Amino acid sequence: MPAISVASFFPTLTYSNLRLRSRTVGVTFANLRQETLSFGVQITEGTGKLPKVVLTSDHGSEAEVYLFGGCITSWKVVNGKDLLFVRPDAVFNGQKPISGGIPHCFPQFGPGPLQQVKLYSRRLSTELIITNTDNKSFSFSTALHTYFHASVTKASVKGLKGCNTLNKDPDPTNPVEGTEDRDVVNFPGFVDCIYLVAPSELQLDNGLGDLISIKNTNWTDCVLWNPYLQMENCYQDFVCVENAKIGKVQLEPEQSWVAEQHLSIG
119 MPAISVASFF
129 PTLTYSNLRL
139 RSRTVGVTFA
149 NLRQETLSFG
159 VQITEGTGKL
169 PKVVLTSDHG
179 SEAEVYLFGG
189 CITSWKVVNG
199 KDLLFVRPDA
209 VFNGQKPISG
219 GIPHCFPQFG
229 PGPLQQVKLY
239 SRRLSTELII
249 TNTDNKSFSF
259 STALHTYFHA
269 SVTKASVKGL
279 KGCNTLNKDP
289 DPTNPVEGTE
299 DRDVVNFPGF
309 VDCIYLVAPS
319 ELQLDNGLGD
329 LISIKNTNWT
339 DCVLWNPYLQ
349 MENCYQDFVC
359 VENAKIGKVQ
369 LEPEQSWVAE
379 QHLSIG
């Protein structure tokens with residue numbers, strides 16, 4: 119099945135405000151060009167006048183990627199339904215990460231390197247590459263803080279039974295250790311839970327008629343999150359199912375760490 123890859127058209131995409139000041143993480147960006155580079159790939163002006171790439175597949179699916187942070191803010195399948203969610207309080211000012219879609223948490227919580235994006239008719243694949251270009255080692259943890267459109271009272275996740283958990287409810291600073299004993303995990307209220315050594319494939323029923331497969335390579339953990347009444351104006355409309363690497367990764371000079379995520383619907 120044919121795919122569209124940002125990296126194939128932009129080997130070194132960039133947005134000048136994204137230059138990382140740390141020498142430990144190597145991310146190279148090129149100058150933004152304002153014209154359409156190829157059929158199905160278009161650079162345009164998004165919210166807050168931030169540049170974004172709009173990808174359209176031959177099958178009619180579409181994705182939007184903001185160059186600021188490499189954040190995917192929209193993934194529309196062939197029926198026009200957007201499976202990702204952007205919070206109404208998201209800020210598009212180029213000063214802080216965009217709250218919604220698939221933002222990066224790196225090196226712990228913050229913007230990270232631009233990832234490659236491949237768009238298929240019913241699948242969206244991403245690859246995150248972190249390279250140490252310094253002459254000394256460094257460590258990091260990371261996650262894809264993915265927001266899915268959902269009916270929070272009906273949404274559920276399968277595949278986590280048996281995982282060791284770190285439950286941040288009620289005290290985020292003192293997680294409670296446990297083991298998941300449910301076949302189907304739902305979102306009855308505030309949810310902020312880490313699942314350690316999670317399976318490489320989970321199934322999200324978004325409660326809106328879509329069953330989404332979440333596969334990964336090298337993302338070892340998973341986080342479920344919904345803020346409940348802390349975001350009263352929008353919590354009912356999304357859930358977060360995040361591929362994560364909770365334990366520290368140690369990178370020696372010139373080494374790279376790579377992780378993939380594959381989202382698809384039946």
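Count the sequence shown with our numbering and you get residues 119 to 384, in order.
We put the CB at the ideal spot given by N, CA and C, even for glycine.
The structure displayed is predicted, hence computed values, not measured ones.
Per-residue DSSP class, three states only, for residue i
i, result
"Q373", "coil"
"I383", "strand"
"K279", "coil"
"L347", "helix"
"K167", "helix"
"D355", "helix"
"L262", "strand"
"K366", "strand"
"F305", "coil"
"G325", "coil"
"N250", "strand"
"H177", "coil"
"K272", "coil"
"D339", "strand"
"D287", "coil"
"S331", "strand"
"G296", "strand"
"V315", "coil"
"S255", "coil"
"A148", "Residue placement at A148 is flagged as unreliable, the pLDDT there being 35, under the threshold of 50; a coordinate-derived value is accordingly withheld."
Beta-carbon proximity of residue i to residue j, cut-off 7 Å
i, j, result
"L246", "I220", "no"
"V196", "V183", "no"
"Q373", "N282", "no"
"L320", "I332", "yes"
"P206", "L185", "no"
"H177", "S239", "yes"
"K272", "E298", "no"
"L322", "D339", "no"
"F308", "V357", "no"
Contacts around residue i, its chain only, beta-carbon distance under 6 Å, and the 5 residues preceding and following it disregarded
i, result
"D310", "K286, D287, W343"
"V204", "T191, G218, G219"
"G365", "none"
"P345", "Y353"
"N149", "With a pLDDT of 37 at N149, under the threshold of 50, the predicted position of this residue should be treated as unreliable, and no value is reported."
"G144", "Because G144 sits at a pLDDT of 31, beneath the cut-off of 50, its placement in the model cannot be relied upon, and the point is left open."
"L341", "At residue 341 the sequence reads Val, which differs from the Leu that was named. Here the set comprises I312, E360, A362."
"P317", "G277"
Contact set for residue i: own chain, Cβ-Cβ below 8 Å, skip 5 residues either direction
i, result
"D200", "S192, W193, K194, H267"
"A181", "V172, L173, I190, S192, W193, K194, V235, L237, L242"
"V302", "S274, V275, K276"
"M349", "R205, D207"
"R300", "L278, K279"
Residue i, buried or exposed, once every other Cβ within 10 Å from all chains shown has been counted against 16
i, result
"T335", "exposed"
"L329", "exposed"
"Q379", "buried"
"G296", "exposed"
"P215", "buried"
"L381", "buried"
"N211", "exposed"
"L202", "buried"
"S255", "exposed"
"G198", "exposed"
"G164", "buried"
"T244", "buried"
"N253", "exposed"
Contacts around residue i, its chain only, beta-carbon distance under 7 Å, and the 5 residues preceding and following it disregarded
i, result
"W375", "I248, V367, L369"
"N71", "In the structure as shown, the chain begins at 119 and stops at 384. Residue 71 is therefore absent and cannot be evaluated."
"L326", "H267, A268, S269"
"N351", "P206"
"T264", "I220, C358, V359, E360"
"W337", "N361, A362, K363, A377, Q379"
"V294", "N285"
The ligand ADP heavy atom lying under 6 Å from the CB of residue i
i, result
"L329", "Ligands are entirely absent from the displayed structure, and the ligand ADP is therefore not among its contents."
Q.
Going residue by residue through the region 182-246, where are the continuous beta strand (DSSP E) segments of at least 3 residues, counting only ones entirely within it?
A. 189-194, 234-237
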